[in-house]
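Student: Residue numbers (our numbering): 50 to 287.
Think of the CB as a built atom: it goes at the ideal place given N, C-alpha and C, for glycine as much as any other residue.
Note that this is a predicted model, so its numbers are computed, not measured.
#1: Grab me the residues of residue 237's own chain with a C-beta within less than 7 Å of its C-beta, minus the 5 sequence neighbours each way, in chain order.
#2: Smallest Cα separation from residue 155: which of 245, 254, 111, 85?
#3: Helix, strand or coil, according to DSSP, for residue 181 in the structure here?
#4: Could you tell me the distance, in whole angstroms, from the CA atom of residue 50 to the CA atom of residue 109?
#5: Thinking C-beta only, is residue 115 closer than 9 Å to residue 157?
#6: Would residue 67 and residue 152 qualify as a contact pair, given that the criterion is a beta-carbon distance under 9 Å?
#7: Identify which residue in 136, 85, 201, 162 has its Cα closest to the Cα of residue 79.
#8: With a 10 Å radius around its C-beta and 16 neighbouring C-beta atoms as the bar for buried, classify residue 128 as buried or exposed.
#9: Hey, residue 143 and residue 248: beta-carbon distance below 9 Å or not?
#10: Have a look at 255, 121, 84, 197 and flag the residue whose alpha-carbon is nearest the alpha-carbon of residue 262.
#11: Relative to the C-alpha of residue 201, which residue among 89, 188, 231 is closest?
#12: Along the chain, where does the beta strand (DSSP E) containing residue 269 start, and where does it finish?
#13: Mind checking which residues open and close the alpha helix (DSSP H) that includes residue 155?
#14: Span of the alpha helix (DSSP H) holding residue 98?
#15: Out of 179, 241, 147, 122, which one is the CA nearest neighbour of residue 136?
#16: Could you tell me whether the Cβ atoms of residue 171 and residue 245 are closer together than 9 Å?
#17: When burial is assigned at 16 or more other CB atoms within 10 Å of the CB, is residue 240 buried or exposed?
#18: Whose C-beta lies closer than 8 Å to the C-beta of residue 253 among residues of the same chain, with five residues either side of it excluded?
#19: Let me make sure I understand the geometry here. Which of 272, 165, 89 has the alpha-carbon closest to that of residue 62?
#20: Can the beta-carbon of residue 71 be found closer than 9 Å to that of residue 82?
#21: Would residue 117 pass as a contact of residue 60 if the rule is Cβ separation under 9 Å?
#22: Determine whether the beta carbon atoms of residue 42 and residue 124 lie at a separation below 9 Å.
#23: Between which two residues does the beta strand (DSSP E) carrying residue 122 extend?
In structure tokens, the structure reads:
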């Protein structure tokens with residue numbers, strides 16, 4: 050160790066007793082909040098576990114060390130239950146467990162606390178997981194095609210004005226927009242046909258009539274490329 054450098058002090062596996070609002074020795078484990086399908090609700094789970102600790106507790110976070118580096122918590126957390134080997138090679142449960150919407154980045158010590166105080170979530174029904182994974186995949190396609198259609202529409206609107214005298218350019222732009230919009234409508238029909246709105250919990254009777262930029266905004270709430278980052282919710286040492 051270099052002169053003047055302080056040795057790394059390993060934090061305890063769990064927050065110290067004075068950080069708890071309850072007695073951790075007598076606390077009975079409980080199930081994480083779920084919806085009517087048995088899907089764990091990440092935001093509610095984080096909140097209910099956070100409520101067990103004092104608001105002013107400073108969670109140890111230091112990216113230089115594994116023991117204090119935030120990591121990913123699977124809210125459906127017994128991996129072997131979702132293994133394709135348990136379902137004759139079918140991958141829907143595993144894919145469901147790996148969806149970004151049922152994973153979250155939390156402080157390592159809080160991750161330990163979740164496992165300490167909650168019971169393993171019951172596995173949802175296979176058909177619900179499979180339908181949700183299917184709807185999620187289509188929603189990702191729709192999100193991408195809606196984004197492309199919205200961008201093409203913006204380009205079309207601005208360029209047609211600028212190049213109003215150039216019939217060839219205008220025709221090319223219109224064809225490009227038509228291609229993007231056909232893909233958007235096809236994915237919209239796929240999502241609606243797969244009862245995707247129901248599976249994604251999107252209650253919007255006007256969804257099918259929404260403009261591409263509106264669809265992008267709505268789907269951005271339920272379709273993610275990365276797990277949810279909860280670290281900003283936690284107080285840490287300055």
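Tutor: Straight from the coordinates:
#1: Along the chain shown, one-based indexing puts residue 237 at 188. Excluding positions up to five away in sequence, the list reads 191, 257.
#2: Translated into positions along the chain shown, residue 155 becomes position 106. Comparing C-alpha distances from residue 155 to each of 245, 254, 111, 85 shows the shortest one belongs to 111.
#3: Within the chain shown, the letter at position 132 stands for residue 181. If DSSP states are grouped into helix, strand and coil, residue 181 belongs with the helices.
#4: Here the question's residue 50 lines up with position 1 in the chain shown. Here the question's residue 109 lines up with position 60 in the chain shown. Residue confidence is low: residue 50 scores 47 on pLDDT, short of 50, so the model does not pin down where it sits. Its coordinate-derived value is still stated next. Note on geometry: alpha-carbon atoms of residue 50 and residue 109 lie some 22 Å from one another.
#5: One-based indexing of the chain shown puts residue 157 at position 108. One-based indexing of the chain shown puts residue 115 at position 66. The Cβ-Cβ distance between residue 157 and residue 115 falls below 9 Å.
#6: Here residue 67 refers to the residue found at position 18 of the chain shown. Here residue 152 refers to the residue found at position 103 of the chain shown. Their beta carbons are not under 9 Å apart, which means residue 67 does not touch residue 152 by this criterion.
#7: For the purposes of this step, residue 79 is taken as residue 30 along the chain shown, with counting starting at 1. Taking only the C-alpha atoms, the option nearest residue 79 is 162.
#8: Against the chain shown, residue 128 aligns to sequence position 79. Label assigned to residue 128: exposed.
#9: Residue 143 sits at position 94 when you count from the first residue of the chain shown. Residue 248 sits at position 199 when you count from the first residue of the chain shown. No, the pair does not count as a contact, with Cβ atoms beyond the cut-off.
#10: For the purposes of this step, residue 262 is taken as the residue at position 213 of the chain shown. Comparing Cα-Cα distances from residue 262 to each of 255, 121, 84, 197, the minimum goes to 197.
#11: Numbered from its first residue, the chain shown carries residue 201 at position 152. Of the candidates 89, 188, 231, the residue whose Cα lies closest to the Cα of residue 201 is 231.
#12: In the chain shown, residue 269 corresponds to position 220, counting from 1. DSSP places residue 269 in no beta strand (DSSP E); its state is neither H nor E.
#13: What you label residue 155 is simply residue 106 of the chain shown in a count that begins at 1. Unbroken run through residue 155 is the beta strand (DSSP E), 152-155; no alpha helix (DSSP H).
#14: To locate residue 98, count along the chain shown from 1; it is residue 49. Taken as a continuous stretch (DSSP letters only), the alpha helix (DSSP H) holding residue 98 covers 91-99.
#15: Working through the chain shown from its first residue, we reach residue 136 at position 87. Nearest option by C-alpha distance: 179.
#16: Here residue 171 is taken as the residue at index 122 of the chain shown, counted from 1. Here residue 245 is taken as the residue at index 196 of the chain shown, counted from 1. Contact: no.
#17: If you number the chain shown from 1, residue 240 lands on position 191. Residue 240 should be labelled buried.
#18: By 1-based counting over the chain shown, the position of residue 253 is 204. Correct list, in chain order: 246, 259, 267.
#19: Residue numbering aside, residue 62 sits at position 13 when the chain shown is read from its first letter. Measuring from the Cα of residue 62, the nearest candidate turns out to be 165.
#20: Sequence index remark: in the chain shown, residue 71 carries index 22 (1-based). Sequence index remark: in the chain shown, residue 82 carries index 33 (1-based). It is not a contact, given that the beta carbons lie outside the stated cut-off.
#21: Locating residue 117 in the chain shown gives position 68, counting from the first residue. Locating residue 60 in the chain shown gives position 11, counting from the first residue. Yes, the Cβ-Cβ distance between residue 117 and residue 60 is below 9 Å.
#22: Summary: the structure shown does not reach residue 42, with the chain confined to residues 50 through 287, and so no result is reported for it.
#23: The sequence position of residue 122 within the chain shown is 73, counting from 1. That run of the beta strand (DSSP E) goes 120-123.
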